[in-house]
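Working notes, structure below.
In UniProt numbering, the protein residues as written are 1 to 992.
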């Protein structure tokens, strides 16, 4: 510039030069800056300061070594721009660019609000924003470069310490660059939009919020530029934009823009339909992921505003690439939760994927529904289609899918039994949910069985409930499940009892001190292998059981806790507490600790946390209430007609599995009091309960008072009760009366039975046959008693019943088959006579002569089609039942070693003819008896292997269902024997 005297300074200001002393220069610049701040716009007096404006904008000042000098120069230039606005004194484009780049650099000082000079930096920002100083760059060729530099700086420096006012001025600074500019470059878009996508969105939260506000404020202006950008990148595939950051985040950007300001994408989103149908799988995946997020987000209206795009998206549920199908299904949960209006579309889309060939897709379908249940139960509970989806997948061939489906159903059931207000769809579903879960116990996999056992304790009958509530849930469950589910539940408890028994033996073996270490190790291996058989991974299970045994040898507290868990008399609380203490000794519960997870699995199977003495008292009270007042069953949700019987069946099952909890005087007296009720169906079940308990420990040693009341009742039932009462009364007496009292008791009963059996017209004749048979089988007394029984069989059963000609009667049974309850009394007595004959021989065990005679007689009945005397007086149905009864007795006798070995080859062949009997019901029932004899009591208390050969006739069976049933029987029999052989083989393995 020229000399100082050529420059005009405002009044009170001294000349400034770049080569002056820095401190002096700063003082003069402060004065000048202060004066300029106070100046307003005055067209008449401004021209004289134009040289000064040019002087201040020299490179020497803008590049001065002093930071303070640069800041003051920037403030002065900003005021010059304000004073001269809208016509700045600067004309040269390069000079203007250098000035604004200098101002941008100075704005970097805003980074730290704690800087002593921050107020002056703030003034600079405020001045530039208020005057819209950067607007003068619009006519420059490099305007976009300047705007990009400014935007980049602002987004870089904004932080938490900035006040709302500072951020507002930053926004005002950037806003005109978009709204008042003739164009917005892709580079500027890149700088702005990159702040709303990850990782910048999370890492630079303030920049994200500033960019978000800027986009909303400038949405109308930005829309065409954003549309052009997306079209260039997505549709045309222009490589010029490939170096932009947002070009690599195109789908994330779309999602964020839709979230921030949907209006800017109005013309962009329809273009995504082309991406959904692209031949490039990566593009389809990216577009599906984006649209799934955009459609499913809460309060999204996208599906309504772009219906064609929504339909195109639904089509991707059927994409050829399974990963894309998986992605679609994974977002289903969000649709179900957030968009009730779209649920039906999603349900139909899921229905298509329910049977997908890919395991991952089916798994995600189940997970989508189950996850929805966990987050909002009402969504699924109102929709029977979704419930049925889970129901179907409980039979999936993959366990992990079955597992999730089962857990989902169990969660629904748990919600139902713990909440009072549930939708009707759920109430209807609960009728099959509990059955469906328990049916899974029939699966051959140990994983399935372990899962059902766990779900039973946690969801079907939550063990955390108080005893009274727990028994209500157990009673309701048992009384409302179907026959197959009941059988599965009984089997489950028996398996758990078996595990406790085996573990108890293992613990006892560990505790033994009277044997050598080598002998203990050998015995432990045998027991370990028996337990490992019922674990999902037997080899690994055996390894960790061995480790547990070593731990028990060194930890008596661990042994004591395990004893509590296997003890029949432990309370639920004690068992649960012991379970938790044992788990703590197994290490950290992490995925890599297989020892912990394997032993935990075993502990869950053997723990008893549902039934104990206290719980049993509540259960008996509930059952008594239902028997006394049938209306009470409605309070429990149980059908009135089934409440009493099902409750008694439940008691019978529990007495078999947990007999120790029944051995309390209050429980026993309550049970005996049931026998005073006149209903015929009650006594057999209660007597069966007392029999199971007595086999565990005689009642006479626990409650003499209960036994004193029980004896006369049992004696009456054995002589004058129904057949079921008589059978169970005899068994109850055998189990609970001391051996030394048997002779007097049963001789007295037998004498009364003889009186009934001598008179076929007696109303207790049938009862006498049944009682005598069970006494003969279960009571072992002296020779005199055996002679009496043999004479009774020979005279009253064989001669006066089975071999006696039928009296003339005035009716004929023409049907080929009728139910057993419909048989005439004289035929029913003969059927029971065969059973009595078999029981008598089983009780004898070694009377080979009697066995041979019996086999000859039975064979004669079968050869003559049931009418042994060929009188023609029996109806077809009666003859069918007599053939079946004879064959069943033959099989029953053959299960007993000794007497069962006395049949001849021709007799065996005659017996096998029942597999080809003319009556299908005979074939069906006989094959079922054959199956029971072959699979029960393997290997010592079952039918010999020869009888397996009878299944060869199954190949000739014309009934497809019956043929399939026979095949399954054969497979089960083979499997049972293989399991036994495997057990024996494992028992002989070397030590681990």
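We treat Cβ as the ideally placed atom computed from N, Cα and C, and that holds for glycine.
{"Query": "Alpha-carbon to alpha-carbon, residue 973 and residue 956", "Result": "20 Å"}
{"Query": "Residue 906, DSSP secondary structure in three states", "Result": "helix"}
{"Query": "Contact belief for residue 413 with residue 650 at Cβ below 8 Å, rounded distance in angstroms", "Result": "The Cβ separation is near 18 Å, so there is no contact."}
{"Query": "Euclidean distance between Cα positions of residue 10 and residue 35", "Result": "7 Å"}
{"Query": "Residue 134 vs residue 150 beta-carbon contact at 8 Å", "Result": "yes"}
{"Query": "Contacting residues, own chain, Cβ-Cβ under 6 Å from residue 743 (five flanking each side not counted)", "Result": "781"}
{"Query": "Length at least 4, wholly inside the stretch 238 to 289: the alpha helix (DSSP H) runs in chain order", "Result": "250 to 260, 272 to 276"}
{"Query": "Inter-residue CB distance, residue 438 and residue 485 (contact presumed, cutoff 8 Å)", "Result": "4 Å"}
{"Query": "Selection from 561, 47, 141 that minimises the alpha carbon distance to residue 89", "Result": "47"}
{"Query": "Ordered list of alpha helix (DSSP H) runs contained in the stretch 187 to 242, each at least 4 residues", "Result": "200 to 203, 205 to 217, 219 to 230"}
{"Query": "Run of the alpha helix (DSSP H) containing residue 847, from where it starts to where it stops", "Result": "It is not in any alpha helix (DSSP H) - residue 847 carries neither H nor E in the DSSP assignment."}
{"Query": "Coarse secondary structure for residue 920, derived from DSSP in three states", "Result": "helix"}
{"Query": "Which of helix, strand or coil DSSP assigns to residue 306", "Result": "coil"}
{"Query": "Cβ neighbours of residue 361 in the same chain (closer than 7 Å, five flanking residues each side left out)", "Result": "322, 325, 326, 329, 353"}
{"Query": "N- and C-terminal bounds of the alpha helix (DSSP H) containing residue 691", "Result": "682 to 696"}
{"Query": "Residue from 809, 966, 573, 23 whose Cα sits closest to the Cα of residue 463", "Result": "573"}
{"Query": "Validate contact between the stretch 568 to 588 and the stretch 666 to 686 using beta carbons, cut 8 Å, 3 pairs", "Result": "no"}
{"Query": "Under the three-state DSSP convention, the category residue 13 falls into", "Result": "coil"}
{"Query": "Separation of residue 661 from residue 443, as counted between CA atoms", "Result": "30 Å"}
{"Query": "Buried or exposed (CB count within 10 angstroms, at least 16 for buried), residue 299", "Result": "exposed"}
{"Query": "Where the alpha helix (DSSP H) through residue 511 begins and ends", "Result": "483 to 511"}
{"Query": "For residue 611, the three-state DSSP class (helix, strand or coil)", "Result": "coil"}
{"Query": "For residue 225, the nearest candidate out of 975, 461, 186 (CA to CA)", "Result": "186"}
{"Query": "Contact check, residue 542 vs residue 528, beta carbons under 8 Å", "Result": "yes"}
{"Query": "Expected contact under 8 Å - CB spacing of residue 831 and residue 753 to nearest Å", "Result": "Not a contact, Cβ separation roughly 18 Å."}
{"Query": "Reference residue 158; option with closest CA among 174, 210, 131", "Result": "210"}
{"Query": "7 Å Cβ shell around residue 625 - same chain, five flanking residues per side excluded", "Result": "632"}
{"Query": "Entirely enclosed alpha helix (DSSP H) segments - the stretch 743 to 807, minimum 4 residues", "Result": "765 to 778, 783 to 792"}
{"Query": "Length-filtered (4 minimum) alpha helix (DSSP H) runs lying within the stretch 309 to 352", "Result": "322 to 330, 332 to 338"}
{"Query": "For residue 52 and residue 73, believed in contact at Cβ under 8 Å, the rounded distance", "Result": "Rounded, the Cβ-Cβ distance is 12 Å, inconsistent with contact."}
{"Query": "Under the three-state DSSP convention, the category residue 133 falls into", "Result": "helix"}
{"Query": "Through-space distance from residue 538 to residue 449, alpha-carbon basis", "Result": "15 Å"}
{"Query": "Same chain, Cβ closer than 6 Å to residue 859, neighbours up to 5 away in sequence not counted", "Result": "907, 910"}
{"Query": "Three-state secondary structure assigned by DSSP to residue 977", "Result": "helix"}
{"Query": "Runs of beta strand (DSSP E) wholly within the stretch 626 to 672 (minimum 3 residues, chain order)", "Result": "none"}
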